Amino acid sequence: MKLILKPVEPRQGLQWVLQAWRVFARQPLGLAGLFGTFLFLALVLMLVPVVGGVVVLAAVPLLGLVMMMGTAAAVRGQRALPGLYLAPFRTDALRRSRLLTLCAVYGLLSLLVLLLADSIDNGKLNELQELMAAGRDDARTREELQRLLADPQLLGGLYTRLALTALLSVPFWHAPALVWWGQQSAAQALFSSTLAIWRSKGAFVIFAATWVSVLAATGLGLGLVLQALGLSGLMGAMAMPLGLTLSVVFYASLYFMFVQTFGTGDAPGVRTDEDAPDEISPPA
């Protein structure tokens, strides 16, 4: 299917987020179940030393594509089912090979980013995670936490992870969808994705700023409410489902970002609903 890179107004960045919330409200359980399926499979894979973690990293582009397919189904009034994870493996051999190539390259580059960041922080991030997982709230723990947070090695590793992961995400942002819907080669999809992000950089910045604002407001709001109710101890328990919800909506927003950046038709196996509301219909 031929795709056309379209001009995107900066204000569309906010609309992508709003459209994602609307479609999530239509089918929260279906989309959450789709994301939850990936988390469950990831947890199982993580039980396999070394290899499991690499496979999970490599599967991230597949997660993005399947969540976009689920969002497309929800837009058309269909159920987003976990069976969508099998669709990329049931497609033609050429497209399957291209998707697996993207996954392999992403997994390898992500692993290199993590190894580089680990060498910079010298294990400080692991120490921080272990300290926070312990759940202790005594003076010694707080002192150790402050020491770690002020450690330049930890900050250097965190900044490296953030910067390189952000750079890596650019060519892979639209690439799986371009292979799936546009039938582009892996290399062409990576180039097209990078070009699309650059040409829609205004909308992309608004999109990113909106999500940062949502995350900050959600965290601050939840903390203030629980503190006012004297339930600060529930912060961890409440943060998990809230974080999962935000993750689901974020992945749903990728679909709207793609279809408004590239003209596209339907995902294979997903029929078009001609009566879908204009604000969430894919462009012709």
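In the working numbering, each number is its position in the sequence shown, counted from 1, plus 124. Ideal placement from N, C-alpha and C gives every residue a C-beta, glycine not left out. Keep in mind the model is a prediction, meaning the values are calculated, not measured.
Relative to the alpha-carbon of Ser324, which residue among Gly194, Thr385, Val199 and Arg200 has its alpha-carbon at the smallest distance? Residue mapping note: residue 324 aligns to position 200 of the sequence shown, counting from 1. Nearest C-alpha to Ser324: Thr385.
Leu189 to Pro300, Cα distance in whole Å? The residue labelled residue 189 in the question sits at position 65 within the sequence shown. The residue labelled residue 300 in the question sits at position 176 within the sequence shown. So the two alpha carbons sit approximately 6 Å from each other.
Quick check: what's the CA-CA separation for Met192 versus Trp305? Working through the sequence shown from its first residue, we reach residue 192 at position 68. Working through the sequence shown from its first residue, we reach residue 305 at position 181. Spanning the two alpha carbons is a distance of roughly 11 Å.
Does Glu403 pass the burial test, meaning 16 or more other C-beta atoms within 10 Å, or should it be called exposed? Position 279 of the sequence shown, counted from the first residue, corresponds to residue 403. Since pLDDT at Glu403 reaches only 35, below the 50 mark, its modelled position is unreliable, and no value is offered.
Three-state class that DSSP yields for Leu353 in the structure shown: Counting from one through the sequence shown, the residue named residue 353 turns up at place 229. Reduced to three states, the DSSP call for Leu353 is coil.
In terms of residues, what are the limits of the alpha helix (DSSP H) holding Arg203? In the sequence shown, counting from the first residue as 1, residue 203 sits at position 79. It is not in any alpha helix (DSSP H) - Arg203 carries neither H nor E in the DSSP assignment.
What does a CB cutoff of less than 7 Å around Phe328 pick up in its chain, not counting 5 residues either side in sequence? Against the sequence shown, residue 328 aligns to sequence position 204. Contacts found: Gly137 and Ile321.
Closest by C-alpha distance to Leu233, when choosing among Leu218, Asn246 and Ala182: Counting from 1 along the sequence shown, the entry for residue 233 is found at position 109. When only C-alpha atoms are compared, the closest one is Ala182.
What does DSSP give as the partner residue(s) for Leu129 in the beta ladder? As a position in the sequence shown, residue 129 is number 5, starting the count at 1. Its beta-bridge partners are Phe386.
Are the beta-carbon atoms belonging to Gly387 and Leu127 less than 8 Å from one another? Against the sequence shown, residue 387 aligns to sequence position 263. Against the sequence shown, residue 127 aligns to sequence position 3. Contact flag set, yes.
Residue interval of the alpha helix (DSSP H) (run including Thr215): Locating residue 215 in the sequence shown gives position 91, counting from the first residue. No alpha helix (DSSP H) contains Thr215, which DSSP labels as neither H nor E.
Is the CB-CB distance between Thr442 and Leu240 below 8 Å? This structure gives no information on residue 442, because the portion of the chain shown stretches from 125 to 408.
Could you give the first and the last residue of the continuous alpha helix (DSSP H) run that contains Ser317? Stepping through the sequence shown from its first residue, residue 317 is reached at position 193. Taken as a continuous stretch (DSSP letters only), the alpha helix (DSSP H) holding Ser317 covers Ala310 to Arg323.
Nearest neighbour of Leu319, chosen from Leu142, His298 and Val303 [CA to CA]: Sequence index remark: in the sequence shown, residue 319 carries index 195 (1-based). Closest option to Leu319, Cα to Cα, is His298.
Is Val174 helix, strand or coil by DSSP? Counting from 1 along the sequence shown, the entry for residue 174 is found at position 50. Coil at Val174, not helix or strand.
Report all residues from its chain with a CB closer than 7 Å to the CB of Leu358; omit the five preceding and five following residues, and keep chain order. The sequence position of residue 358 within the sequence shown is 234, counting from 1. Excluding residues within five positions, the ones whose Cβ falls inside 7 Å are Leu350.
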